[in-house]
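Down below is the structure, laid out as structure tokens.
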Amino acid sequence: MPMLPLGALAAGFGLSAAALAQTAPEPQAPARQDSVLPTVRAKASAEPQGKDAYQATETRIGKGKQDLRDIPQSLTIVTEKLIDDRNLDNVKDVLKNTAGISFQAAEGGEEDIKIHGISLQSTGDIFIDGMRDPAFYDRDTFFLDRVELLRGSGALMFGRGSSGGAVNQVTKQALLANQNQVDVTVASRGGLRAVGDFNSRTGETTAWRIGTMVNRADNDGAGNMINKAGIAGSLRTGIGEDDEFGLTLYALQNNNGMNYGMPWVRPTPTSPASDATLIPVDPASYFGMASDRNKGSASYVMASHTHRFSRDVELVTKARYASYTRDQRAGTVRFAAAALQPDGVAASLATFGPNTVLARGTQLKIQDMQTLSVQSDLSAKFEAAGLQHHLMTGVDFAQEKKQVYSDSPGLTFAQRNNFYATLGLTKPNTTVGSPDDGASIDESRRQSLKANAYTSRSAGAYLQDMISITPEWKLLAGLRYDKLRGDYDSFNYSYNATGTPGYDKISATTTDSYRMNVSAWSKRAAVLFQPSAQLSLHLMGATSFNTSGDTYSLSPANASIPPEKSVNVELGGQYDSADGKLTTRVGIFRATKLQERNTDPLNTNVVTLSGKRHAAGLDVDITGRITDAWEVYGSFTWMPVAAIDISSATGGELQGSRPSLTPRYSGSLWTTYRISPQWRLGGGLNARSGQQPNRNPGFYAPKFIIANLMAEYTVVEDALLFRLNVDNVANKRYADTLYTGHYVPGKGRIVALTGTYKF
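For the sequence shown, counting from 1, position 568 maps to 577 in the working numbering; every step adds exactly one.
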């Protein structure tokens with residue numbers, strides 16, 4: 010029906026009232042039916058935002074808007090307000106402030122995120138607004154409204170992967186409001202960050218929003234130089250109407266430093282591997298080359314259309330094209346050979362000192378990726394056969410292309426070293442007493458040759474229905490089918506050593522091609538008992554699958570291997586306080602990989618689905634307000650059970666052992682209290698128990714607890730405030746991401762002062 014501005018309508022009523030007060034009414038004929046004024050529908054000027062509170066009550070991670078109490082799985086939501094209060098500027102740091110998460114520092118320098126010990130990022134289970142965001146890059150938070158972490162199988166919603174869970178980044182959207190905010194942060198170690206968030210209402214149902222970010226730092230507290238910038242925008246029209254259209258644009262440029270990691274050290278050269286521990290140096294110490302870098306970009310455009318058939322039925326269609334680049338030039342830092350150490354004794358804690366010699370190798374990761382995703386989801390609430398239904402169904406299509414480059418593909422270790430020497434790319438050693446020595450090489454002299462390329466095309470369709478059997482009991486059942494084809498080309502090269510510096514040649518010879526075809530079903534079922542508006546209990550079971558192509562590579566050994574299969578079971582619930590401002594979620598889980606890929610110990614060229622592992626434990630989340638002045642967020646995981654049930658491995662993760670990267674406990678607690686209208690104080694802890702690096706090398710990274718503090722002063726309410734954050738107050742040394750041969754240190758103490766201006 011036609012819309013009228015409320016102000017004009019009120020003014021009209023006022024003029025009419027004044028006229029009636031001055032003129033005696035005359036008898037009027039009965040009004041004709043067609044002269045009745047139409048109903049006026051008021052538009053909401055404000056939608057819920059992540060910057061409003063720690064607590065969230067709704068999510069779209071389940072394909073369609075749902076109340077959190079109707080999600081029968083462990084779910085943690087980190088809102089923009091919590092991100093700002095904890096001074097978190099990238100998604101990796103956001104995930105560190107959740108539980109059940111661990112990080113593997115992989116060979117290529119990328120960090121493989123794991124949930125309950127099951128790989129997440131290497132299988133591409135990171136999403137933006139429900140659409141896959143599979144590339145490895147430093148994801149910034151400047152245009153995020155919230156980050157959602159779903160634990161357990163998410164294959165029904167997202168398809169392949171999602172055995173451990175899924176991470177969904179929810180971007181900011183244009184709102185029917187005029188609001189602007191600028192944040193400027195000055196931090197220790199040369200840190201400077203400026204973020205702008207500008208939203209304008211340009212019509213009755215139209216608005217635009219722009220986000221900007223510039224970030225610089227000499228050292229982020231873990232040896233990394235920071236140099237990045239981003240811009241993003243959202244345009245929406247028809248907001249709240251039957252047809253709503255949206256357009257989101259995003260561009261991020263990273264040109265950061267690269268701390269590949271530090272070697273583990275033993276007390277003495279003859280100490281057992283089980284005694285390996287961290288190097289006793291400041292967390293911010295950097296021993297890589299000044300020319301090392303992690304340069305990359307991420308950009309995408311996403312268009313969306315929402316058609317509302319009624320208040321209970323809507324169809325959301327999205328299309329997204331994304332392009333990513335990555336040019337990582339890093340170096341492995343290891344102890345130099347014993348002959349190069351003082352007195353010719355191998356490095357250990359017993360001999361460790363300023364003169365201990367460190368060698369620097371080369372680790373490159375140069376790759377591009379392009380993705381195209383289209384999905385359409387229907388959400389409908391209706392009554393049939395006397396029962397209430399919430400039906401969700403949809404289809405999706407995705408194409409993912411990845412190209413990997415190398416400066417010396419196919420060369421042996423000796424050939425590569427010789428090739429580097431002819432190009433003047435040999436890296437000098439350094440010493441523990443000389444961090445940031447400024448040594449560099451000319452990285453522009455490297456050539457870039459395509460080593461392999463992968464293209465996948467997938468399509469999926471799903472159907473899920475939540476049926477209200479009675480007002481207290483709900484039954485959920487869902488089924489999804491996925492079809493995927495992956496094509497992988499590996500390019501072979503030959504090396505021609507001319508003996509003349511600078512004239513050695515690498516030339517292409519042959520191409521090996523492999524194809525993977527996958528068809529798979531995913532299932533999800535749950536029973537929910539909701540005896541009151543405050544309490545919801547659930548029992549859920551779901552399946553998922555992982556393909557050989559999840560890591561964008563195939564070989565003769567794994568191209569024809571069927572997908573791995575997993576089963577997740579959870580018993581849990583949600584309880585809300587009487588005023589609805591505090592939410593507690595609990596989930597008792599068991600995650601089982603029924604068919605895990607293993608290399609045949611008698612023939613390394615054969616891969617079989619002979620493995621099995623499981624993990625079980627408890628997830629707890631608490632979010633919201635205890636009082637109007639006291640806000641709290643907590644996320645905890647206790648995982649007492651984790652085991653390799655079946656394995657053909659002859660080393661590393663053996664049958665009967667606890668899998669790597671499965672800490673028994675992990676968690677984060679944060680709370681703030683407003684002691685006066687001007688002052689708000691906060692603080693929190695991050696903790697993780699000991700865990701073994703990948704392949705279970707026989708030692709544990711030490712457990713740690715990190716303390717963080719915050720103080721905020723409001724100068725002008727809703728206009729100007731200042732916030733002081735002190736992270737890692739004790740400047741504690743700890744291993745953040747782990748690998749067999751090295752670890753990446755966690756950030757040392759960082760002091761940051763942020764000024765926020767709203768207008």
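Using N, Cα and C, we set each Cβ at its ideal position, and we do this for glycine too.
Using C-beta distances below 7 Å, list every residue in its chain close to residue i, excluding the 5 sequence neighbours before and after it, in chain order.
i, result
"Pro649", "Gly626, Arg673"
"Asn236", "Arg225, Asn264, Asn265"
"Val366", "Ala345, Leu349, Gln350, Asn438, Thr440"
"Tyr490", "Gly469, Ala470, Trp530"
"Gly23", "Its pLDDT being 39, under 50, Gly23 is placed unreliably by the model, and the measurement read from it follows with that caveat. None."
Go through its chain and collect everything with a Cβ distance to residue i's Cβ below 6 Å, but skip five positions before and after it.
i, result
"Pro278", "Ala355, Ser357"
"Lys60", "Glu89, Lys90"
"Asp7", "With the chain covering only 10 through 768, there is no way to say anything about residue 7."
"Leu485", "Met475, Ala535"
"Asp521", "Ser499"
"Ser197", "Ile759, Val760"
"Asn501", "Gly419, Thr518, Thr519"
"Phe708", "Ala282, Ser283, Ala285"
"Gly447", "Ala299"
"Trp639", "Tyr682"
Skipping 5 residues on each side, what residues in its chain have a beta carbon closer than 8 Å to that of residue i?
i, result
"Gln42", "In this prediction, Gln42 scores a pLDDT of 41, lower than 50, which makes its location untrustworthy; the coordinate-derived value is nonetheless stated afterwards. Answer for Gln42: no residue qualifies."
"Asn505", "Asp513, Lys514, Ile515, Ser516"
"Gly691", "Asp94, Trp679, Thr680, Thr681, Tyr682, Leu718, Met719, Ala720, Glu721"
Within 10 angstroms of its Cβ, does residue i collect 16 or more other Cβ (buried), or is it exposed?
i, result
"Ser553", "buried"
"Arg155", "buried"
"Ala175", "buried"
"Arg594", "buried"
"Val724", "exposed"
"Ile86", "buried"
"Tyr722", "exposed"
"Leu694", "exposed"
"Gly199", "exposed"
"Arg524", "exposed"
"Gly589", "exposed"
"Gln687", "exposed"
Using alpha carbons as the reference points, say which of the options lies closest to residue i.
i, options, result
"Leu400", "Leu488, Val342, Ala448", "Leu488"
"Arg794", "Leu256, Gly247, Thr194, Gly173", "Only positions 10 to 768 of the chain appear in this structure, which leaves residue 794 out of reach."
"Asn555", "Leu537, Asn526, Glu579", "Asn526"
"Trp665", "Lys621, Ser443, Gly297, Asn303", "Checking the sequence shown, residue 665 turns out to be Gly, not Trp. If we check each option's Cα against that of Gly665, Lys621 comes out closest."
"Ser531", "His547, Gly558, Leu472, Ser562", "Leu472"
"Ser453", "Tyr429, Gly469, Leu258", "Tyr429"
"Ala394", "Pro418, Ser477, Arg455", "Ser477"
"Asp93", "Ala517, Met298, Thr681", "Thr681"
"Glu573", "Lys602, Gln583, Glu579", "Lys602"
"Asp451", "Ser467, Ala299, Pro668", "Ala299"
"Met549", "Asp559, Arg533, Ser313", "Arg533"
"Tyr752", "Asn740, Leu729, Leu730, Gln701", "Gln701"
"Asp147", "Arg335, Asn426, Gln190", "Arg335"
"Arg245", "Pro276, Val274, Arg210, Asp229", "Arg210"
"Gly168", "Lys72, Ala331, Arg634", "Lys72"
"Ile124", "Asn614, Asn577, Lys767, Lys492", "Asn577"
"Arg697", "Ile715, Asp79, Gly660, Gln190", "Ile715"
"Asn734", "Asp251, Gly764, Gly170", "Gly764"
How many Å lie between residue i and residue j at the Cα?
i, j, result
"Phe254", "Phe151", "23 Å"
"Val738", "Pro711", "18 Å"
"Leu258", "Gly220", "10 Å"
"Leu562", "Ser131", "As written in the sequence, residue 562 is Ser, which differs from the Leu given in the question. C-alpha separation (whole angstroms): 11 Å."
"Lys436", "Gly270", "16 Å"
"Arg95", "Ser457", "40 Å"
"Met222", "Gln262", "10 Å"
"Phe598", "Phe645", "13 Å"
"Thr68", "Gln583", "15 Å"
"Gly558", "Asp727", "50 Å"
"Gly362", "Pro706", "25 Å"
"Gly212", "Trp482", "44 Å"
"Gly239", "Ala331", "15 Å"
"Pro81", "Ser162", "11 Å"
Quick check: is the beta carbon of residue i nearer than 8 Å to any beta carbon in chain C?
i, result
"Gln350", "Absence of chain C from the displayed structure is noted, only one protein chain being present."
Evaluate the contact criterion for the stretch 182-201 versus the stretch 538-546: three or more CB pairs, one atom per stretch, below 8 Å.
-> no
Any chance the stretch 387-406 sits against the stretch 306-316, with 3 or more Cβ pairs inside 8 Å?
-> no
Are the stretch 362-382 and the stretch 131-149 touching by the rule of at least three beta carbon pairs closer than 8 Å?
-> yes
Any contact of the stretch 452-465 with the stretch 394-413, i.e. 3+ C-beta pairs under 8 Å?
-> yes
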